[in-house]
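Asker: Right, I'll just put the structure down here and ask away after.
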Amino acid sequence: MTSYSMIKVGNDYVVQANDKCILKVGSRRRAAQLISEATDLLNALAAVESPKLAPEAPSLPRETPELP
């Protein structure tokens, strides 16, 4: 899981992911909004990923076509 944070640098805010600077914005509110959206997207991605549902082999054997 990625850990997001923000730090103030001068008049700007820097968004960090796992202690790596990834984005600089001008307002604290925008930085917080971006962190919230990124967290939501990652959580949605985790919910979509699932183990393989389809079996490796088909459930019914394929019939050989008859030639006239």
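The sequence shown begins at 66 in our numbering and counts up one residue at a time. Glycine included, C-beta positions come from ideal geometry on N, C-alpha and C.
(1) Distance, Cα to Cα, Lys89 vs Thr67?
(2) Is the CB-CB distance between Gln81 and Ser92 below 8 Å?
(3) Need the endpoints of the beta strand (DSSP E) that Asp77 sits in, please.
(4) To the nearest angstrom, report how far apart Tyr78 and Ala96 are at their CA atoms.
(5) Within a Cβ cutoff of 8 Å, which residues of the same chain sit near Asn83, ignoring the five residues on either side of it in sequence?
Answerer: On the basis of the data shown:
(1) The straight-line gap from Cα to Cα measures roughly 18 Å.
(2) No.
(3) For Asp77, the uninterrupted beta strand (DSSP E) run begins and ends at Asp77 to Ala82, by DSSP.
(4) Cα-Cα distance, rounded: 7 Å.
(5) Around Asn83: Thr67 and Ser68.
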